[in-house]
Amino acid sequence: MSNVCPLDYRYGREDMKAVFSEESRIQNQMYVEAALARAHASLGTISEADAAEITRVSSLDVVSVDRIKEIERDTRHDLMAMVRAMTEKCEGDAGKYVHLGATSNDIVDTATALQLRDAMDIILEDVENMIHTLAVIAKRERDTLEIGRTHAQFAIPITFGFKIAGYVAEMIRHRERILEAMPRVCAGKMAGAVGTGAALGPNFFEIQRRVMADLGLNYEPAATQVVGRDRYTEAICLMANIAATMERYATEVRNLQRSEIGEASEYFDVKKQVGSSTMAQKRNPMNSENVCGLARVVRGFVTPTFESQVLWHERDLCNSSTERFTLGHVFILTDEILKKMNWVFEGLEVHRDRMLENIESSRGLVMAEPLMMKLTEKGIGRQDAHEIIRESSMVAEDQRRHLRDVLLEREDLRGVLSKEEIVATMDAANYVGGAREIVDKMVAAAEDVTGRKVE
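Our numbering puts the first residue of the sequence shown at 774, with every later residue one more than the last.
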């Protein structure tokens, strides 16, 4: 069979793809069937021996995927095919009690919760790795001067470590979001056809509680036939949020690697790597570009996820086909994006000399704000100080002169600012505010949440 989806041959790590594989889905569903049997046995509905037997056959080592598919071709119902395949393998009377009192989505949604828990554990690890990697850069580049930019124009100086410290703060927020969302996202149900638990009898509430406790999950307190899809919407939107953050970082790397900026760049293996099939000199930010493209795919799954939240009455089947695409693709691609962006940052080449050159290329214009503030210290009103510096900046820009020289020629500044004061005020290293201290705080925060020392 030909591979059609790029996840089959190009994207995705095996660990995350395994979580959403067909084998994983079926195995998790059998785990839920086994937990249901054990809950029944604990309440005396069935015997302990029958529950043990159902637990024994709840394994792909006993029930084959091929046999399930063979039955499904007749039944045209994947979950019932699994139930019948399990029943066939049970010895004694245990087969009579497989799936007792349950409906399909009791099993399907609870198994999905297990998959989502595993997937979010992987994403959490990815995010913590990213926090650490970024904190290492922030600490290393704490004092590295760089020009800050707004509207893609030179603004005032920052340090490169300060820029990255902002990324650390954002990733810490994503970590918090994951931890907050997991209890809501990883929830199953064992409540029957429309959520009333009627088929489970008088022990309904206790059966549901015990099944979920057995599996380590929360449960839907007032289900329909399905777990509320707002939970899945939260998960997908969170992954889209994380992916958008990664695209933001990747876009920054791409911009900083532009030939006319040249302040940072992706690692490039000069011995083997090829940047272009025809332009042999090229060193393209290919991984960052790839992250940007994949992040857009992740966000593209947000709309069908919201659509799947809207179901008729106690449920219809419209969500089922959609979720077979959305959940797996989103988590696999988000994991891929995080891993790839972490690799970019681990090998990021920071061109400190070019950062200084870019600051100096402004001919002092980027120090307009500290000069204005210096004039206010000298007793000139803020608005007047702003106009003095604005006029001087326009002259310097038009005549392509250094702002310092233009200011030294102004008669109205003689006796107000000395040359030494102007030079000292225009030293970029003296005008980064609390940037260095912010780096220190975010490095400490990274160490706190990851438990890893930032060297």
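Even glycine gets a Cβ: it sits at the ideal position worked out from N, Cα and C.
Point to revise | Proximity to I945 [Cα-Cα], best of C863, M903, G1101 and H813 | key: M903
Residues in its own chain within less than 6 Å of E1142 by CB, not counting five upstream and five downstream?
Take E1142, set aside five residues on each side of it, and the residues of its chain with a beta-carbon closer than 6 Å to its own are I929, in chain order.
Tell me the rounded alpha-carbon separation between A715 and L1029.
This structure does not reach residue 715, given that the chain is present from 774 up to 1228, and the question cannot be answered.
Inter-residue Cα distance where the pair is M893 and M955: Inter-residue distance for M893 and M955 is about 7 Å (C-alpha atoms, whole angstroms).
task = Going by CA-CA distance only, name the one from V999, E1164 and I1105 that's closest to A884.
result = V999
query = S1038 bridges to which residues according to DSSP?
reply = Per DSSP, the beta-bridge partners of S1038 are E1122.
Comparing alpha-carbon positions, which option in V856, D847 and D1089 lies nearest T828? For the set V856, D847 and D1089, the Cα lying nearest the Cα of T828 is the one of V856.
Taking the Cβ atom as the reference point for each residue, do A1068 and M1140 lie within a distance shorter than 8 Å? No; because the gap between Cβ atoms is not below 8 Å, this pair is not in contact.
| field | A925, DSSP secondary structure in three states | value | coil
ask   = Grouping DSSP H, G and I as helix and E and B as strand, with all else coil, what is E919?
value = If DSSP states are grouped into helix, strand and coil, E919 belongs with the strands.
At least three beta-carbon pairs within less than 8 Å, the segment 1119–1126 to the segment 1186–1201 = No contact exists between the segment 1119–1126 and the segment 1186–1201.
Would you kindly report the start and end of the unbroken alpha helix (DSSP H) that includes E914? In this chain, E914 is not harboured by any alpha helix (DSSP H), its DSSP state being neither H nor E.
**Prompt:** Which residue's Cα is closest to the Cα of E898: A875, L780, T1006 and T1107?
**Reply:** T1107
DSSP state of G934 mapped onto helix, strand, coil: DSSP, read as helix, strand or coil, puts G934 in helix.
Once DSSP output is grouped into helix, strand and coil, what is the label at A1016? helix
Burial state of Q888 (16 or more Cβ within 10 Å):
Only buried fits Q888, as 16 or more other CB atoms lie within 10 angstroms of its CB.
Q.
Starting from I1153, trace the alpha helix (DSSP H) in both directions and tell me its first and last residue.
A. Looking at the DSSP string, I1153 is not in any alpha helix (DSSP H), and its letter there is neither H nor E.
Measuring straight from C-alpha to C-alpha, what distance separates V984 and L809?
Cα-Cα distance, rounded: 6 Å.
### Message
Output needed for E821: all residues of its chain with C-beta closer than 6 Å, excluding positions within five of it in sequence on either side, in chain order.
### Response
A814
Next on the checklist: With a threshold of 8 Å on Cβ separation, who are the neighbours of R1021 within its own chain once the five nearest residues in sequence on each side are excluded?
Outcome noted: none
Can you tell me the Cα-Cα spacing of Q1156 and R1163, whole angstroms? In a straight line, the C-alpha of Q1156 is about 10 Å away from that of R1163.
- Item | Alpha-carbon spacing of K1112 relative to F1079, whole angstroms | 27 Å
Requested in this report: Using only alpha-carbon positions, find the residue among Q1046, P1077 and M1114 that is nearest to G1066.
Outcome: M1114
Check your understanding: Rounded C-beta distance between V1212 and R915? I'm assuming under 8 Å.
Key -> A Cβ-Cβ distance of about 5 Å is found for the pair V1212 and R915, placing them in contact under the 8 Å criterion.
Buried or exposed, going by whether 16 or more other CB atoms sit within 10 Å of the CB of E949?
The residue in question, E949, is exposed, as its Cβ has fewer than 16 Cβ neighbours within 10 Å.
> What separation, rounded to the nearest whole angstrom, lies between the Cα atoms of A995 and N976?
Replying inline: Taking the straight line joining both Cα atoms gives about 16 Å.
Apart from the five residues on each side of it in sequence, which residues of its chain come closer than 7 Å, Cβ to Cβ, to V1179?
S1165, V1168 and A1169
Practice task
Could you tell me which of R1056, R849, I1034 and R1002 sits nearest to W1085, measuring between CA atoms?
Solution key: R1002
Discussion item. If you reduce the DSSP assignment to three classes, tell me which class A960 lands in.
Written reply: strand
Checklist line | Own chain, CB closer than 7 Å to M789, minus 5 neighbours either side, in chain order | finding: Scanning its chain for C-beta atoms nearer than 7 Å, with the 5 sequence neighbours on each side dropped, one finds around M789 the residues A892, I895, F1104, I1105 and D1108, in chain order.
* To do: Report buried or exposed for K862, applying the criterion of at least 16 other Cβ atoms within 10 angstroms of its Cβ.
  => buried
Problem set entry | Own chain residues within Cβ distance below 7 Å of A1008, not counting five before or after | L889, A954 and V958
Should the segment 919–934 be called in touch with the segment 1144–1161, which here means at least 3 C-beta pairs below 8 Å? no
ask   = Where H850 and A925 are concerned, what is the direct C-alpha to C-alpha distance, given to the nearest angstrom?
value = 56 Å
| request: Taking only the alpha-carbon atoms, compute the straight-line gap between G1224 and S775 and give it to the nearest angstrom. | output: 45 Å
- Message: Taking 8 Å as the threshold (C-beta atoms), are A1023 and L990 in contact?
- Response: no
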